[in-house]
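Chemist: What follows is a structure written as C-alpha cells; I'll ask about it next.
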Amino acid sequence: MVARVEIAVESGRRGGTAGEPALRLVLLGPMAVSRRGVPLALPASRKVRATVAYLTLAPRPVMRSHLCELLWDLPSDPRGELRWCLSKVRRLLDEPDRPRVATGSDAVALDLAGCAVDALEVARATEAGLAGLGAASLRDLSRLFAGEFLEGLEIDRSPRFGSWLVAQRRRFGAVRVAVLEQLVASLPPRSDETFESIEAWLRLAPLDRRAHEALLAALARQGRIDEGEAHVAAAVRLFESEGLNGTPVRAAWRQAVRGRATVEVVSPAAAAPAPIILVPNALAPDALAPGAPAPGDDPQASTAPGRASIAVMPFLDQETVAGARGGSGDGIAQDITTRLSKLRSLFVIAQGTLLALDERRFGPAAVGRALDVDYIVTGALRRQAGRLVATVELAETRTARVVWSEVYDRRQDDAFRMLDEIGDSLVASIAQQVEAAERNRAILKHPRSLNAWEAYHRGVWHMYRYSRPDNEQAQHFLEQAVALDPTFARAYAALSFTHFQNAFQRWREREAEIGRAFETAGQGLLVDEQDPAAHWAMGRALWLRGSRDQALRELETAVALSPSFAHGHYTLSFVHAQVGDPQAAVDFSDHSRLLSPFDPLLCAMLTTRALALVRLGRLEEAADWSAKAAARPNAFSHLRAITACLLALTDRGEEARTVAADVQALAPGYRVEDLLATFRFPPEVAEVFRTGARRVGMG
C-alpha cells in the first residue's frame, strides 16, 4: 500500500553549527523555536503557538474559516482575531529576506523549506518504514521525543483544536512506542540499552503483551529468574485488572525459561500476525480459526496466526456529546466492521469490545497493542452547511505507519453512498495486505434512511444492557427503525432478539413473545436471506419453540455467511450446551470469546461453557467459569443462579451464598424451578442444579 501522508517540507537534521537549519521547531515536548541555534521567545498567546503547530503539520494550505472554527468558540470578530494571530506568527517565523507565512486565495500556509521540525522528521521516517532503519537511526528518532506532542498547550473553549490535539498526541505516542519496539529488535539482546528501551516501551504501553515478552526473554537470557517471576506476577495482575488475559505472558515466561522460544526479539514488521476476532458468531468445529485453542484451553492463550487482524474504532462524531453512544460515529464503525467481517481471510474485532475499551478511554494505539491486532481504523465525522464529512485512516499497529487515508465529503442526504465508498475503499486497501486465496467482497444491505440506521444502533446499545427497562427502550428504537425502513434486515433481527429476551427472562407473557420473536426473525429473512444476523435471530426463535435441529441449521447458516460472527458461535454453544454435543459447546464458546473477548454477551458466553462442563462431569471447572460469568456487570438472574448452584456443589459455600443473595436482589423469590423452566436441561443435569439450589436456599 502507498501511504497518503503528505509532508510539504524538507526537514533538516539536527546537527552542529555548520549544518544548523534556518529554523528549528520542537513540537514533541514543550514547544520551542530557534533560529540558527539561538532560542526564540515564544508568544504568550497559546492560540498563536497552536496556529504555528497546526499549520506546520497541515499537508496543504488551510482555509481561514477553518482556522477560525478550530481556535475560537463564537468570537465577536474571528477574522480580526485570526489576523492578529497571524501577525504574531510572522513576527516569530519570518526572516528579513524570507517570509514564512504565505497567504492567498483565503488560505494560509507555512513555508518551512530548510527548516527542521522534529514531528515532521518522525512522520517522514514512519511513512518510509521503521523496519528498514538501523539502531543508530532509531536511536536518533527516539531522542527526538522530549515529551508528548505540544506538552502543556491545551486551550479552553476550543473543542475542535482539543480533538485535533488529542489525535496528534495519540498519533505521535504510537510512533514513539513503535520506534522503541523496533529499537529493541535491532539492539544486542544482552545490552543495558536493550533493557532501558524495553522499560521505556513498557512505561508507554503497559498493556502491550509483546513488550512484556521482550523483557521476560531478556531476563531469561541473563538467568534473572526471580526478577522474571516477579514481573510475570505483576503483569498478570495488571492485565486482569483491565479485563485482559494475562495467560499468554505467563506462557511466554515458561517458554523463555525452558529455552523453547526463540529469545531474540523479532522485528514487528517481520512478525507473523497475531489476530484476534470479535463478533457475535458461531461455527462448526472444523471452521475454527487456525491456531484457535484446543478444547479446555484458555481461548486467549494463543491467537490464530496467518490472518491479518483489524479493529475499527468508533468514529469521533464532532456533533455528539462526549461519551454519548449509539450515534452516527458508532453506526459507521459497526457497518464497516460488518463488511470487513465477511472477508474470510481477515480477523475483525467486534464492536462490542471496541466500545467497551473506548468508554474506558483507551486510545486507538493502546487498543491495537492490547488486542495485538495488525491494523487499526480510526475516523471522524463532522457536519457543515448540509454536508457530512468523514475522515478515515488505516494504520499499522506495530509500526504506527498510516497506510491509507481518505476524506469523504457528501450531502447529508447521500450518506449511504459515502458509507459504501468508505467500506469499498477500506476493503480494497486491506486486501493488498492479506495473503489469501479467497476475498469475499460481499456486503450487507444498508437501510435507506439515516434516521432508521441511527435508530437501529441506539436500539442495539440498549438491547445489550440486559434489563427490562433497557429492553423496552431497545424495542422502541428498533420498531422505529423498521417502520422507517421495512427492508432493514438487521433491525428485524435485533427486534427479534428483544422478544427473545422478553420470553427468556419472562418479562412478558412467554408464548406470545416466542411468537413475536419468530415472526420478526422471519421478516428479516424475507428482506435479506444473506444476512447472517437474520439467520441468527431465527435460530434463537426456533430454539424457544423447541425445534433444536432447525435452530442449529439456521445458526450454522449464519456463521457460514459470516465466519467472524461471534454471536452465532456463542448461540451454537448455547444450544449444544443444553441439548446437543457438550464438547462442541465448549469449542463454540471458546471461539466466540476469541472473536470478541470484550463482548456484551461475554457473561453468557462464559456461562454456556460452564453448562457444557457440567454435562461433561467437570464440576470444579464449571464453577470457575460460571463465577467469571457472574462477575460480569450485566450478568442477569439466571446466570447468577447457575453460579450459586455450582459453587454450592463444589464446597464454596460462602461464595455461593453471596451470589444467591445477588439473585434474590435481582429477582425476589427466585427458585431453581425458574431456572429449569427457562433452560432445556437433560433430567440428570436438572437434578444437579436442584441439589445445588437446596444448599443455598433456592430449592
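In the numbering used here, the protein residues as written are 1181 to 1879.
Cβ coordinates follow ideal geometry from the N, Cα and C atoms, glycine included.
#1: Using C-beta distances below 7 Å, list every residue in its chain close to V1228, excluding the 5 sequence neighbours before and after it, in chain order.
#2: Pair every Cβ in the segment 1750 to 1762 with every Cβ in the segment 1824 to 1833, then say whether three or more of these pairs are closer than 8 Å.
#3: Which residue from R1340, F1684 and Y1646 puts its Cα closest to that of R1720?
#4: Measure from the alpha carbon of V1557 to the alpha carbon of each residue in R1563, L1520 and Q1564, then state which is nearest.
#5: Going by C-alpha to C-alpha distance, which of P1368, V1876 and L1396 sits closest to R1438?
#6: Can the beta-carbon of A1202 be found closer than 8 Å to that of C1295?
#7: With H, G and I counted as helix, E and B as strand and the rest as coil, what does DSSP make of R1216?
#8: Please list, in chain order, all residues of the same chain as G1192 whose beta carbon is under 6 Å from its beta carbon, the five residues on each side excluded.
#9: Indicate the three-state DSSP secondary structure (helix, strand or coil) for G1639 in the structure shown.
#10: Should E1834 go down as buried or exposed, given a rule of 16 or more other Cβ atoms within 10 Å for buried?
#11: To which residues of the same chain is E1693 closer than 6 Å at the C-beta, ignoring the five residues directly before and after it?
#12: May I ask which residues mark the beginning and end of the alpha helix (DSSP H) holding D1729?
#13: Output yes or no for whether 8 Å exceeds the beta carbon distance between R1389 and P1428.
#14: If you draw a straight line from the C-alpha of T1483 to the C-alpha of L1796, how long is it?
#15: Is G1566 buried or exposed, if buried means 16 or more other CB atoms sit within 10 Å of its CB?
#16: Would P1862 be called buried (16 or more neighbouring beta carbons within 10 Å of its own) or exposed?
#17: Are the CB atoms of I1529 and L1551 nearer to each other than 8 Å?
#18: Note down, in chain order, each residue of its chain lying with its Cβ closer than 7 Å to the Cβ of K1808, except the 5 sequence neighbours on either side.
#19: Do you know whose CA, among L1568, T1823, P1780 and H1642, lies nearest A1790's CA?
#20: Going by alpha carbons, who is nearest to L1235 out of N1814, T1533 and A1287?
#21: Our contact map puts R1549 next to L1387 with C-beta atoms below 8 Å; I'd like the distance itself, whole angstroms only.
#22: Keeping to the same chain, check which residues put their C-beta closer than 8 Å to that of D1729; ignore five residues upstream and five downstream.
#23: Who are the Cβ neighbours of E1867 in its own chain at under 7 Å, not counting the five residues just before and after it?
#24: Ordered along the chain, which non-local residues of its own chain (more than five positions away) have a Cβ less than 7 Å from that of W1433?
#25: With a threshold of 7 Å (Cβ to nearest heavy atom), would D1665 be considered close to the ligand GTP?
#26: DSSP on I1529, reduced to helix/strand/coil?
#27: Does R1280 come out as helix, strand or coil in the three-state DSSP assignment?
#28: To which residues of the same chain is L1272 closer than 8 Å at the C-beta, ignoring the five residues directly before and after it?
#29: Identify whether S1585 lies in helix, strand or coil by the three-state DSSP scheme.
#30: Given this structure, state the Cα-to-Cα distance separating S1817 from D1842, to the nearest angstrom.
#31: Indicate the three-state DSSP secondary structure (helix, strand or coil) for M1493 in the structure shown.
#32: Buried or exposed: where does E1576 fall if 16 or more other Cβ atoms within 10 Å of its Cβ makes it buried?
#33: Report the option in V1547, R1812, E1249 and L1735 whose CA atom is closest to the CA atom of S1343.
#34: Can you give the Cα-Cα distance for A1546 and L1360, rounded to whole angstroms?
Modeler: In this structure, then:
#1: The residue given as residue 1228 occupies position 48 in the sequence shown. Counting only Cβ-Cβ distances below 7 Å, and skipping sequence neighbours, we find C1265, K1268 and V1269.
#2: Using a C-beta cut-off of 8 Å, the segment 1750 to 1762 makes no contact with the segment 1824 to 1833, since fewer than three inter-stretch Cβ pairs fall below that distance.
#3: In the sequence shown, counting from the first residue as 1, residue 1720 sits at position 540. That would be F1684, whose Cα lies nearest to the Cα of R1720.
#4: The residue labelled residue 1557 in the question sits at position 377 within the sequence shown. It is L1520.
#5: Residue mapping note: residue 1438 aligns to position 258 of the sequence shown, counting from 1. If we check each option's Cα against that of R1438, L1396 comes out closest.
#6: Position 22 of the sequence shown, counting from 1, holds the residue named residue 1202. Position 115 of the sequence shown, counting from 1, holds the residue named residue 1295. Judged by their CB atoms, A1202 and C1295 are nearer to each other than the 8 Å cut-off.
#7: Position 36 of the sequence shown, counted from the start, is the residue given in the question as residue 1216. R1216 carries a coil assignment under DSSP once its states are collapsed to helix, strand and coil.
#8: Here residue 1192 refers to the residue found at position 12 of the sequence shown. Bear in mind that the predicted position of G1192 carries a pLDDT of just 41, short of 50, making it too unreliable to give a figure here.
#9: Position 459 of the sequence shown, counting from 1, holds the residue named residue 1639. The three-state reading of DSSP puts G1639 in helix, counting H, G and I together.
#10: Within the sequence shown, residue 1834 is the residue found at index 654, counting from 1. Exposed is the call here.
#11: Position 513 of the sequence shown, counting from 1, holds the residue named residue 1693. Result list for E1693: H1679, N1682 and A1683, in chain order.
#12: What you label residue 1729 is simply residue 549 of the sequence shown in a count that begins at 1. Per DSSP, the continuous alpha helix (DSSP H) segment holding D1729 begins and ends at R1728 to L1741.
#13: Position 209 of the sequence shown, counted from the start, is the residue given in the question as residue 1389. Position 248 of the sequence shown, counted from the start, is the residue given in the question as residue 1428. Taking C-beta atoms as the reference points, R1389 and P1428 count as a pair closer than 8 Å.
#14: For the purposes of this step, residue 1483 is taken as the residue at position 303 of the sequence shown. For the purposes of this step, residue 1796 is taken as the residue at position 616 of the sequence shown. At T1483 the pLDDT is 35, less than 50, meaning the model places this residue with poor confidence and gives no usable figure here.
#15: By 1-based counting over the sequence shown, the position of residue 1566 is 386. Around the beta carbon of G1566, fewer than 16 other beta carbons sit within 10 angstroms, so the residue counts as exposed.
#16: Within the sequence shown, numbered from 1, the residue matching residue 1862 stands at position 682. That one is exposed.
#17: What you label residue 1529 is simply residue 349 of the sequence shown in a count that begins at 1. What you label residue 1551 is simply residue 371 of the sequence shown in a count that begins at 1. With contacts defined by Cβ atoms closer than 8 Å, I1529 and L1551 form a contacting pair.
#18: Within the sequence shown, numbered from 1, the residue matching residue 1808 stands at position 628. Excluding positions up to five away in sequence, the list reads L1786.
#19: Position 610 of the sequence shown, counted from the start, is the residue given in the question as residue 1790. Between A1790 and the set L1568, T1823, P1780 and H1642, the nearest pair of CA atoms involves T1823.
#20: Position 55 of the sequence shown, counted from the start, is the residue given in the question as residue 1235. From the listed residues N1814, T1533 and A1287, the smallest Cα separation to L1235 is found for A1287.
#21: Position 369 of the sequence shown, counting from 1, holds the residue named residue 1549. Position 207 of the sequence shown, counting from 1, holds the residue named residue 1387. Indeed, because the Cβ distance is near 7 Å, the residues count as touching under 8 Å.
#22: Position 549 of the sequence shown, counted from the start, is the residue given in the question as residue 1729. If we look at D1729 and ignore the five residues flanking it on each side, it has no Cβ neighbours.
#23: Position 687 of the sequence shown, counted from the first residue, corresponds to residue 1867. For E1867, where only same-chain residues beyond five positions count, there are no Cβ hits under 7 Å.
#24: On the sequence shown, residue 1433 is found 253 positions in, with the first residue counted as 1. Around W1433: L1396, G1408 and V1412.
#25: Ligands displayed in this structure: none; no statement on the ligand GTP is therefore possible.
#26: The count along the sequence shown starts at 1 and reaches residue 1529 at position 349. For I1529, the three-state secondary structure derived from DSSP is coil.
#27: Residue numbering aside, residue 1280 sits at position 100 when the sequence shown is read from its first letter. When secondary structure is reduced to three states using DSSP, R1280 falls in the coil class, being assigned neither helix nor strand.
#28: In the sequence shown, counting from the first residue as 1, residue 1272 sits at position 92. Cβ neighbours of L1272 beyond the five flanking positions: V1213, L1220, L1222, P1223, V1228 and V1232.
#29: Indexing the sequence shown from 1 puts residue 1585 at position 405. Residue state for S1585 is assigned as strand, using DSSP reduced to three classes.
#30: Counting from one through the sequence shown, the residue named residue 1817 turns up at place 637. Counting from one through the sequence shown, the residue named residue 1842 turns up at place 662. Rounded to the nearest angstrom, the two C-alpha atoms are 8 Å apart.
#31: Along the sequence shown, read from residue 1 onward, the residue named residue 1493 stands at position 313. Reduced to three states, the DSSP call for M1493 is coil.
#32: The sequence position of residue 1576 within the sequence shown is 396, counting from 1. Sixteen is the threshold: when 16 or more other Cβ atoms of the shown chains lie within 10 Å of the Cβ of E1576, as they do, the residue is buried.
#33: Counted from its first residue, the sequence shown places residue 1343 at position 163. When each option's Cα is compared against that of S1343, the closest is E1249.
#34: Stepping through the sequence shown from its first residue, residue 1546 is reached at position 366. Stepping through the sequence shown from its first residue, residue 1360 is reached at position 180. Computed Cα separation, rounded: 15 Å.
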